[in-house]
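Numbering (numbering that gives the first Met the number 0), first residue to last: 0 to 420.
All residues carry an ideal CB built from backbone N, CA and C; glycine is no exception.
All values reported here derive from a predicted model rather than from experimental measurement.
The next block holds one structure in the form of structure tokens; read it before the comments.
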Amino acid sequence: MLDIKLVRENPDKINELLKRRNPELSIDKVLEIDVERRKTQTEADELRSLRKNESQKIGELKKQGQNTDKVQEEVRVIGEKIKVLEEKETELDTKQRDLLLNIPNTPCETAPIGNSEEANVVKKTVGEIVKPAFGQKPHWDLAVEKNLVDFERGVKISQSRFSIYRGKGAALERAIINFFLDLHTNEHGYEEIMPPVLVNSAAMTGTGQLPKFAEDMYKCVDEDLYLIPTAEVPVTNIYFDEILNEDDLPKCMTAYTPCFRREAGSAGKDTRGLIRQHQFNKVELVKLTTPEQAEEEHEKLTRDAEKTLELLELPFRRIELCTADMGFSAQKCYDIEVWMPSYDAYKEISSCSVFGDFQARRAGLRYRNKATGKTNYCWTMNGSGLAVGRTFAAIIENFQQEDGTIVIPKVLHKYTGFERI
RNA sequence: GGAGAACUGGCCGAGUGGCUGAAGGCGGCACCCUGCUAAGGUGUUAGGUGGAGUAAUCUGCCUCGAGAGUUCGAAUCUCUCGUUCUCCGCCA
0 MLDIKLVREN PDKINELLKR RNPELSIDKV LEIDVERRKT QTEADELRSL RKNESQKIGE
60 LKKQGQNTDK VQEEVRVIGE KIKVLEEKET ELDTKQRDLL LNIPNTPCET APIGNSEEAN
120 VVKKTVGEIV KPAFGQKPHW DLAVEKNLVD FERGVKISQS RFSIYRGKGA ALERAIINFF
180 LDLHTNEHGY EEIMPPVLVN SAAMTGTGQL PKFAEDMYKC VDEDLYLIPT AEVPVTNIYF
240 DEILNEDDLP KCMTAYTPCF RREAGSAGKD TRGLIRQHQF NKVELVKLTT PEQAEEEHEK
300 LTRDAEKTLE LLELPFRRIE LCTADMGFSA QKCYDIEVWM PSYDAYKEIS SCSVFGDFQA
360 RRAGLRYRNK ATGKTNYCWT MNGSGLAVGR TFAAIIENFQ QEDGTIVIPK VLHKYTGFER
420 I
């Protein structure tokens with residue numbers, strides 16, 4: 000959620016930044032309501048102040064044993080007026096909040112400007128793309144052939160885009176998860192978190208999934224609970240409505256969870272294989288930082304995610320997303336894309352975003368500034384490190400041999416217990 | 001699911017209708033004292049949202065789990081909901 004004070008003070012700047020995302024975005028409507036809201040509040044405040052003072056007088060008069068009927072009646076009338084104003088206040092307040100909740104974050108100044116993914120900027124490319132003479136099979140064929148993933152029976156017990164890892168496939172998926180977690184906790188200094196995968200609407204609102212993206216999530220019928228679309232939601236909200244000490248920042252956390260997405264708008268896209276499933280495994284990285292730490296910590300976080308691919312020896316590249324391609328809550332975002340032979344292209348495998356205080360304002364994540372004693376909103380950022388299923392797909396596609404076997408990357412051997420499939 | 005108890009500032013904890021945005025303690029911060037990474041003293045320290053001012057700062061209002069109600073006036077009384085603890089029941 001954008002800071003209303005900032006919006007009020009720099010309306011032109013905010014509008015300009017928002018329009019870099021989408022020319023239709025504007026905060027004008029919010030500002031209109033803001034003016035009225037403040038006016039109403041001032042009126043109500045004055046009346047409340049009056050009531051308070053008068054009520055206090057009644058107390059004193061009663062102590063002196065005087066009759067207070069007349070004053071009481073006057074104050075009662077004031078109370079009625081206050082009630083009317085308070086209703087208006089609440090209404091305007093809600094309206095303003097609703098509008099703000101549906102406005103995306105402003106992209107940072109340096110984000111590449113553009114109106115489609117064409118404008119994304121490649122920042123670096125790592126590893127060589129080897130196109131073997133024999134021609135690699137796409138992972139959806141290879142995984143079925145080797146009985147690593149059972150797509151058809153997954154659909155039978157659930158629905159389309161749900162699948163079953165089995166045998167060495169399940170072992171490989173588990174190995175990747177463990178490898179990621181071990182690397183991030185032991186080498187990169189993250190705390191491992193194993194959070195609930197069902198969370199309430201407050202948490203979903205805190206990280207920006209609600210109210211705008213309600214139709215993309217699975218929701219419990221009888222309770223205020225949603226299946227998480229990413230571990231970002233429970234992990235970022237761990238400190239919901241808390242005030243942290245500056246000394247405790249940055250908070251670096253990593254979590255493996257299954258993730259659940261309805262993929263409402265993507266019918267027909269990536270229907271084959273593991274790329275776009277309704278349920279998938281992901282190891283997430285989340286950091287809560289001060290604004291000063293944010294840039295450096297984001298670079299580190301992105302490198303931490305990239306490190307996993309380097310160790311797996313998968314070719315990948317980092318791109319910086321342009322203003323139109325960034326997620327709702329992000330102000331800056333790097334995507335890491337891994338080489339996928341079946342697409343003959345790089346495919347997104349991790350998104351490392353900085354949210355500024357956009358999420359923290361929604362989630363009430365604050366810290367106490369050591370020098371001034373004042374509280375401040377944290378900055379939040381996250382990145383998947385990485386989508387496990389996509390990593391799985393990349394491994395079996397990139398490392399298949401002419402003889403039909405798949406060579407497992409060395410770093411995984413101690414987790415899988417086998418070196419080839 | 002049923003019964004009882006509880007929910008107050010960063011934390012602990014007083015507070016049963018006006019003098020309480022809230023005693024006291026801990027923790028934090030500042031300064032002082034002290035010859036050794038100890039102990040002590042003094043002061044300071046909630047959040048939100050408005051208004052005035054270039055600013056330092058001054059000032060109104062709201063907030064004692066959430067919401068509704070009673071009242072001239074609610075942390076304090078009533079109701080609903082949530083959460084926690086204890087006991088009972090149920091349990092793939």
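- Query: What residues match up with Met339 in a beta bridge as DSSP calls it?
  - Reply: Under the DSSP definition of a beta bridge, Met339 partners with Ala344.
- Tell whether a beta-carbon distance below 8 Å holds between Ala170 and Thr415. Yes, these two residues count as a Cβ contact at 8 Å.
- Task: Would you mind working out which of Asn21, Gly272, Val121 sits nearest Ser162, comparing C-alpha positions?
- Result: Proximity to Ser162 across Asn21, Gly272, Val121 peaks at Gly272, based on C-alpha coordinates.
- Query: Are the Cβ atoms of Arg389 and Lys346 separated by less than 8 Å?
  - Reply: Pairing Arg389 with Lys346 gives a Cβ-Cβ distance under 8 Å.
- Task: Have a look at Ala293 and Cys377 and give me their C-alpha separation to the nearest angstrom.
- Result: About 9 Å.
- Keeping to the same chain, check which residues put their C-beta closer than 8 Å to that of Ile237; ignore five residues upstream and five downstream. Cβ neighbours of Ile237 beyond the five flanking positions: Ile192, Pro194, Met252.
- Own chain partners of Glu245 with C-beta closer than 8 Å, once the 5 adjacent residues on each side are dropped: Correct list, in chain order: Thr289, Tyr366, Arg367, Asn368, Lys369.
- Item | Check whether Pro111 and Glu319 have beta carbons under 8 Å apart | Yes; because the gap between Cβ atoms is below 8 Å, this pair is in contact.
- Task: Quick one: give me the first and last residue of the beta strand (DSSP E) that Leu284 is part of.
- Result: It spans 278-288 - the beta strand (DSSP E) in which Leu284 sits, taken as one unbroken run.
- Task: Go through its chain and collect everything with a Cβ distance to Lys211's Cβ below 6 Å, but skip five positions before and after it.
- Result: Asn101, listed in sequence order.
- Task: Look up Val353 in the DSSP assignment and give the residues it is bridged to.
- Result: Within the DSSP bridge table, the entry for Val353 names Lys331, Met380 as partners.
- Limits of the alpha helix (DSSP H) - the one that Tyr414 falls within: Residues 412-415.
- In chain order, what residues of the same chain lie with their CB nearer than 6 Å to the CB of Ile395, ignoring the 5 residues before and after it? Around Ile395, the same chain offers His138, Leu141, Ile405 as residues with beta carbons nearer than 6 Å, after the five sequence neighbours per side are excluded.
- Task: Compute the Euclidean distance between the alpha carbons of Cys351 and Gln95, then round it to the nearest angstrom.
- Result: Distance from the CA atom of Cys351 to the CA atom of Gln95, rounded to whole angstroms, is 30 Å.
- Would you list, in sequence order, the uninterrupted beta strand (DSSP E) runs of no fewer than 3 residues that lie entirely inside the segment 224-286? The segment 224-286 contains these whole beta strand (DSSP E) runs: 241-244, 250-259.
- Task: Return the first residue and the last residue of the alpha helix (DSSP H) that Leu16 is part of.
- Result: Leu16 -> alpha helix (DSSP H) spans 10-20.
- Note down the Cα distance separating Val143 from Asp240, rounded to an integer number of angstroms. C-alpha separation (whole angstroms): 47 Å.
- Item | Alpha carbon of Cys258 to alpha carbon of Glu309, nearest angstrom | Approximately 24 Å between the Cα atoms of the pair.
- Output the distance between the C-alpha atoms of Val129 and Ser383, rounded to the nearest integer angstrom. Roughly 26 Å separates the two Cα atoms.
- C-beta atoms of Leu147 and Gly168 nearer than 8 Å: When the beta-carbon positions are compared, Leu147 and Gly168 come within less than 8 Å of each other.
- Query: Is the segment 112-121 close to the segment 320-337, with three or more CB pairs under 8 Å?
  - Reply: The segment 112-121 vs the segment 320-337: in contact.
- Query: Closest to Asp223 by CA distance: which of Gln208, Pro233, Leu197, Thr206 is it?
  - Reply: Of Gln208, Pro233, Leu197, Thr206, the residue nearest in Cα terms is Leu197.
- Query: Taking the Cβ atom as the reference point for each residue, do Ala43 and Glu85 lie within a distance shorter than 8 Å?
  - Reply: Yes.
- Query: Going by the CB atoms, is the gap between Phe133 and Glu421 shorter than 8 Å?
  - Reply: The shown model of the chain, from 0 to 420, leaves out residue 421, and the question about it has no answer.
- To the nearest angstrom, report how far apart Arg302 and Gly113 are at their CA atoms. For Arg302 and Gly113, the distance between alpha carbons rounds to 25 Å.
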